[in-house]
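This report concerns only the one structure given below.
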Amino acid sequence: MGHLDHAAYGWLTPALSYVMASIGAALGLRCTVRALAATGRSRRNWLITAASAIGTGIWTMHFVAMLGFSVTGTRIHYNVPLTILSLLVAMTVVGAGVFAVGYGKDRGRALVLGGLTTGLGVASMHYLGMAALRLHGRISYDPLTVGISVAIAVVAATAALWAALNIKSPLAVAVASLVMGAAVSSMHYTGMMAVAVTVAPSDAALPGATAMQFIFPLAVGLGSYLFITSAFVALSPTADERAASAQARRLGERATAH
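For the sequence shown, my numbering begins at 1 and goes up steadily by one.
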């Protein structure tokens, strides 16, 4: 058995991964709140932004945490196509859950369906990302711990969608995003507790790319996307602000006419 270290750089990667998960959750919740107050194309665009933010945040959280993952006796590489696929899966399934809530007629049914779909998608992203690992040895999983991690993912996703439907104030969204970040991080590290590696020492070259060659640059790029999108959402007027602006403009026009 190879010794697994989930925090090779100390608290840096767990803390940074939690921050990325929280930012993605906060941005996604704000976008979903905006979507529910909008109609037509605007609602669709806000939901797409929410899905990309949450999906990106979850994926970035996972792979930033993986930067601190090491196994004694073997190097670790990543299969590039599988890693990219895990990102697309995260965005797609989160999008399905968010759209179910955004357009569902029965909110309760939409919440259950969306939470289940999104939670299973988050878990799929995690284990697809783990399937992308290339090392000298064999990876195995404890089924019970895997099941617990999937359950945490479903509960976390359902709670996030519930928050999007019921929480409106920026402060409440911030608190909900911190809780969601903690839940996603818990899911990741619970899933990692299920991992065991049987090392087969070898000097053969591993296929794929190292974390610093591929994961780190991609995580930085996606993290930048989250920060830029957060600034865009923060500067975009809400539906109430647009309504107040329109009312003020009408009052100004009436005053001018008189």
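Yeah, the Cβ is synthetic: ideal placement off N, Cα and C, and Gly gets one too.
Leaving out five residues on either side along the sequence, give the residues of the same chain with a beta carbon under 8 Å from the beta carbon of residue i.
| i | result |
| --- | --- |
| Val122 | Ile58, Ala90, Val93, Val94, Ala153, Ala156, Ala157, Val184 and Met187 |
| Leu120 | Val93, Val150, Ala153 and Val154 |
| Trp162 | Leu111 and Gly115 |
Is the beta carbon of residue i sitting closer than 8 Å to the one on residue j?
| i | j | result |
| --- | --- | --- |
| Thr49 | Thr229 | yes |
| Asn79 | Arg138 | no |
| Leu27 | Leu171 | no |
| Gly108 | Pro201 | no |
Starting from residue i, follow the alpha helix (DSSP H) in both directions and report where the run begins and ends.
| i | result |
| --- | --- |
| Ala153 | Pro143 to Asn166 |
| Leu12 | Leu12 to Leu36 |
| Thr60 | Gly40 to Met66 |
Whole angstroms is fine: what's the gap from residue i's alpha carbon to residue j's?
| i | j | result |
| --- | --- | --- |
| Met125 | Gly191 | 12 Å |
| Ala205 | Thr13 | 26 Å |
| Gly10 | Gln213 | 21 Å |
| Gly223 | Thr210 | 19 Å |
| His3 | Ala196 | 9 Å |
| Ala25 | Ile54 | 5 Å |
| Leu36 | Gly208 | 42 Å |
| Leu144 | Phe232 | 42 Å |
| Leu87 | Thr56 | 7 Å |
| Pro217 | Ile84 | 13 Å |
Hey, could you find the ends of the beta strand (DSSP E) residue i is sitting in?
| i | result |
| --- | --- |
| Ile215 | Unbroken run through Ile215: none, as it is neither H nor E. |
| His77 | Ile76 to Tyr78 |
| Phe133 | In the sequence as displayed, the identity of residue 133 is Leu instead of Phe. Counting along the chain, the beta strand (DSSP E) containing Leu133 begins and ends at Leu133 to Leu135. |
| Thr198 | Val195 to Val199 |
Taking 7 Å as the cut-off, is the beta-carbon of residue i closer than that to any non-hydrogen atom of the ligand MN?
| i | result |
| --- | --- |
| Thr118 | Of ligands this structure carries none, so the ligand MN is not represented either. |
Smallest Cα separation from residue i: which of the options?
| i | options | result |
| --- | --- | --- |
| Gly129 | Gly97, Met66 and Leu165 | Met66 |
| Gly278 | Ile167, Phe63, Ala7 and Val173 | Given that the chain is displayed from residue 1 to residue 258, the structure contains no residue 278 and the question cannot be resolved. |
| Val71 | Leu47, Ile54 and Ala7 | Ala7 |
| Val19 | Asn45, Leu178 and Leu47 | Leu178 |
| Thr198 | Tyr189, Ile167, Phe227 and His136 | His136 |
| Gly104 | Phe216, Ile84 and Arg44 | Arg44 |
| Ala132 | Leu226, Gly73, Ala38 and Pro81 | Pro81 |
| Asp203 | Ser42, Ile215, Ile76 and Val175 | Ile76 |
Take residue i and list the residues in its own chain whose beta-carbon comes closer than 6 Å to its own, dropping the five residues that flank it on each side.
| i | result |
| --- | --- |
| Val146 | Ala194 |
| Ser22 | Ser177, Leu178 and Gly181 |
| Asp5 | Ser70 |
| Gly68 | Ala7, Ala8, Tyr9 and Thr13 |
I'd like the list of long-range same chain contacts for residue i, defined as Cβ closer than 7 Å, with 5 residues on each side in sequence excluded.
| i | result |
| --- | --- |
| Glu241 | Summary for Glu241: the model assigns pLDDT 49, below 50, so the residue's position carries little reliability, and this model does not support an answer. |
| Ala164 | Leu29, Thr32, Val33 and Val101 |
| Leu16 | Val64 |
| Ala51 | Met91, Val94, Gly95 and Val98 |
| Lys168 | Val33 |
| Ala219 | Thr60, Phe63 and Val64 |
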